[in-house]
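A short worksheet on the structure shown next.
Residue numbers (the numbering used here): 80 to 178.
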């Protein structure tokens, strides 16, 4: 099962959530819903090199997709999904830019 890390206040996550919420291949994990979810995400973010570029840009790194083999991707298109950024909103960075 593909774990999808999202946050309900993230504009980029909204479209992803709508696309995967009824698809049994995906497990939605809202990092803002429970501290357990946030800790799981931060453990990945702090330890995996896949997040290095994301952190350098000042981005949080959601939505992100954790595949069964441990691979991380930030591209919905890799999984046959649409990113739909234009209709939902711009990417939000930690400094508040892009929101």
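All C-beta atoms in this analysis are idealised placements derived from N, C-alpha and C, irrespective of residue type, glycine included.
Residue i versus residue j - alpha carbon distance
i: residue 120; j: residue 84; result: 7 Å
i: residue 102; j: residue 130; result: 26 Å
i: residue 127; j: residue 97; result: 27 Å
i: residue 161; j: residue 93; result: 11 Å
i: residue 168; j: residue 136; result: Note on residue 168: pLDDT 46, under 50, position unreliable in the model; the coordinate value appears next. Each residue's Cα considered, the two are about 18 Å apart.
i: residue 109; j: residue 159; result: 21 Å
i: residue 138; j: residue 89; result: 11 Å
i: residue 86; j: residue 100; result: 14 Å
i: residue 155; j: residue 132; result: 17 Å
i: residue 122; j: residue 157; result: 23 Å
i: residue 117; j: residue 151; result: 16 Å
i: residue 113; j: residue 134; result: 22 Å
For residue j and residue i, believed in contact at Cβ under 8 Å, the rounded distance
i: residue 104; j: residue 81; result: 6 Å
i: residue 140; j: residue 124; result: 5 Å
Close beta carbons around residue i, own chain, < 6 Å, minus the five adjacent residues each side
i: residue 153; result: 143
i: residue 106; result: 80, 82
Close-in-space but distant-in-sequence residues of the same chain around residue i (CB under 8 Å, 5 per side omitted)
i: residue 166; result: Residue confidence for residue 166 is low, a pLDDT of 47 falling below 50, so the modelled location carries little weight; the figure read from the coordinates is stated next. Excluding sequence neighbours, residue 166 sits near 94.
With 16 other Cβ atoms within 10 Å as the buried cut-off, status of residue i
i: residue 91; result: buried
i: residue 149; result: exposed
i: residue 146; result: exposed
Residues near residue i in its chain [Cβ-Cβ closer than 7 Å; skip 5 each side]
i: residue 174; result: 137
Check your understanding: Can you list the alpha helix (DSSP H) stretches of 4 or more residues lying completely in the region 97-156, in chain order?
Key -> 114-126, 131-135
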